[in-house]
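**Student:**
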Amino acid sequence: MEDLKSVKIAVQTTKFQAIMQAKCPRCREGKMFEYPASQVTKFDKMHTNCPVCNLRFEVEPGFWFGAMFISYGFTVMLLAVIGVATNVLFPNASVWAYIIPITVVSLGFVPFNFRLSRSVFIHFFGFINYEPNRR
Ligand SMILES: [Zn+2]
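In the working numbering, the protein residues as written are 20 to 154.
(1) Is Phe128 helix, strand or coil when you go by DSSP?
(2) Taking buried to mean at least 16 other C-beta atoms within 10 Å of its own C-beta, is Arg134 buried or exposed?
(3) Report whether the distance from the Cβ of Gly145 to the nearest heavy atom of ligand 1 is below 6 Å.
(4) If we ignore side chains and look at the alpha-carbon of each, how far apart do Val71 and Ile141 end up?
(5) Just mark Asn111 as buried or exposed, buried being the case when its beta carbon has 16 or more other beta carbons within 10 Å.
(6) To the nearest whole angstrom, what separates the beta carbons of Ala56 and Phe131, a pair I think is in contact under 8 Å?
(7) If I'm right that Lys34 touches Ala41 with Cβ under 8 Å, what's the distance once you round it to whole angstroms?
(8) With DSSP as the reference, identify every bridge partner of Asn73, one or two as the case may be.
(9) Would Ile101 pass as a contact of Val78 if the rule is Cβ separation under 7 Å?
(10) In terms of residue numbering, what span does the alpha helix (DSSP H) encompassing Gln58 cover?
(11) Relative to the C-alpha of Ser136, which residue among Met96, Gly81, Asn152 and Ile89 is closest?
(12) Is the separation between the beta-carbon of Ile147 and that of Pro44 shorter than 7 Å?
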């Protein structure tokens, strides 16, 4: 009879989960950011190295510059969605009915946009292989 305590089930984090949770691309366990996105004054504070596998997140000097292009893409998508929604809901609205919600929502999404764009960028453009047993 098999001892149930000796059975280990390896639960691996998928790349998608790691990106959405801003986890390290190499071990998919260590968090990239020190604080949750809800802490508005500290949402951008990153660990220099992964707390689990010690990967240096800024792969090369200026690496995060590329994440701005991802962030730009997310912002454009967000603005398009808000603009279309405003147009559908209020067909005869003035230009301020577009500017105000777009400004408020895009500013509100800054912490999420910032973190998600960096996470996407390091996972797809960091060229770091997933090593599940790396400690
Ligand atoms: Zn790691």
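C-beta atoms are modelled at their ideal positions from N, C-alpha and C, and glycine is treated no differently.
**Tutor:** The relevant details are as follows:
(1) Taking the first residue of the sequence shown as 1, we reach residue 128 at position 109. Coil, per DSSP.
(2) Walking along the sequence shown from the start, residue 134 turns up at place 115. Counting of Cβ neighbours within 10 angstroms places Arg134 among the buried residues, the total reaching 16 or more.
(3) Translated into the one-based positions of the sequence shown, residue 145 becomes position 126. Flag unset: Cβ of Gly145 not near ligand 1.
(4) Taking the first residue of the sequence shown as 1, we reach residue 71 at position 52. Taking the first residue of the sequence shown as 1, we reach residue 141 at position 122. When rounded, the distance between both Cα atoms is 17 Å.
(5) Here residue 111 corresponds to residue number 92 of the sequence shown, with the count starting at 1. Around the beta-carbon of Asn111, fewer than 16 other beta-carbon atoms lie within 10 Å, marking it exposed.
(6) Reading the sequence shown from its first residue, position 37 is the one you call residue 56. Reading the sequence shown from its first residue, position 112 is the one you call residue 131. Contact flag correct, Cβ pair sits at about 6 Å.
(7) Walking along the sequence shown from the start, residue 34 turns up at place 15. Walking along the sequence shown from the start, residue 41 turns up at place 22. About 13 Å separates the two Cβ atoms, so there is no contact after all.
(8) Residue mapping note: residue 73 aligns to position 54 of the sequence shown, counting from 1. DSSP output for Asn73 lists no bridge partner at all.
(9) Within the sequence shown, numbered from 1, the residue matching residue 101 stands at position 82. Within the sequence shown, numbered from 1, the residue matching residue 78 stands at position 59. Here Ile101 is not near Val78, since their CB atoms are 7 Å or more apart.
(10) For the purposes of this step, residue 58 is taken as residue 39 along the sequence shown, with counting starting at 1. Judged by DSSP secondary structure, Gln58 falls outside any alpha helix (DSSP H); it is assigned neither H nor E.
(11) The residue labelled residue 136 in the question sits at position 117 within the sequence shown. Closest option to Ser136, judged by alpha-carbon separation, among Met96, Gly81, Asn152 and Ile89: Ile89.
(12) In the sequence shown, the residue the question calls residue 147 occupies position 128. In the sequence shown, the residue the question calls residue 44 occupies position 25. Yes.
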